[in-house]
Amino acid sequence: MTIKKRTKTLPAIIVGAAILIGGIWGINESCYPNVPAFDDHFTRKFLNKDKKVDDGFYEFKSKTGQYTMWFPEEYQVSHENREDYGVNNDSYESWWAVYNEEVEGKKQANI
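Residue numbering for the sequence shown follows our numbering, beginning at 9 and increasing consecutively.
Structure (structure tokens):
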């Protein structure tokens, strides 16, 4: 095999892999509801996309496994700072939910 043949094959493999990975990612993302709660990958971990409990609410399952609740689809679990979300094994869990809205061109988080 010559060097020229290898230099053509390698880019083709890279492009093919990128298209395949992009396609899989796109299909996976399209499986989620188009609401703010599922736009955030951190919040998505708590929610059951197949269990819409009422209009505008999805089932939220605690990471401690101690409770489930209705979670509004327009909110997200805050995780910007270390103190926003905390879990201690199965003992306790603390978190904030925020509603993000644009006010005068700036994103504003409402608790």
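All C-beta atoms, glycine included, are put in the ideal place defined by N, C-alpha and C. Everything numeric in this text was worked out from a predicted model, so none of it was measured.
Pairwise C-alpha distance: Ala25 and Ser70:
Here residue 70 refers to the residue found at position 62 when the sequence shown is read from its first residue. Here residue 25 refers to the residue found at position 17 when the sequence shown is read from its first residue. Distance between the alpha carbons of Ser70 and Ala25: 36 Å.
Using the beta-carbon count (16 or more within 10 Å), is Leu18 buried or exposed?
Along the sequence shown, one-based indexing puts residue 18 at 10. Result: exposed.
Taking all protein chains shown into account, decide if Ser86 is buried (16 or more other Cβ within 10 angstroms of its Cβ) or exposed.
Walking along the sequence shown from the start, residue 86 turns up at place 78. Buried, by the Cβ-count rule.
First and last residue of the beta strand (DSSP E) that includes Asp47?
Residue mapping note: residue 47 aligns to position 39 of the sequence shown, counting from 1. Looking at the DSSP string, Asp47 is not in any beta strand (DSSP E); the run it does join, the alpha helix (DSSP H), is Pro44 to Asp47.
Under the assumption that Asn108 contacts Gln84 (Cβ atoms under 8 Å), give the Cβ distance between them as a whole number of angstroms.
In the sequence shown, residue 108 corresponds to position 100, counting from 1. In the sequence shown, residue 84 corresponds to position 76, counting from 1. Indeed, because the Cβ distance is near 7 Å, the residues count as touching under 8 Å.
Let's test the definition: count the other Cβ atoms within 10 Å of the Cβ of Tyr100 and tell me whether it reaches 16, buried, or not, exposed.
Residue numbering aside, residue 100 sits at position 92 when the sequence shown is read from its first letter. It counts as exposed.
Can you give the Cα-Cα distance for Asp62 and Val23, rounded to whole angstroms?
As a first step, residue 62 is located in the sequence shown; it is residue number 54 there, counting from the start. As a first step, residue 23 is located in the sequence shown; it is residue number 15 there, counting from the start. Distance between the alpha carbons of Asp62 and Val23: 43 Å.
Which same chain residues, not among the five before or five after Cys39, have their C-beta less than 8 Å away from its C-beta?
Position 31 of the sequence shown holds residue 39. If we look at Cys39 and ignore the five residues flanking it on each side, its Cβ neighbours are Lys57.
Backbone CA spacing between Arg90 and Ile21 [nearest angstrom]
Translated into the one-based positions of the sequence shown, residue 90 becomes position 82. Translated into the one-based positions of the sequence shown, residue 21 becomes position 13. Their backbone Cα atoms lie some 41 Å apart in a straight line.
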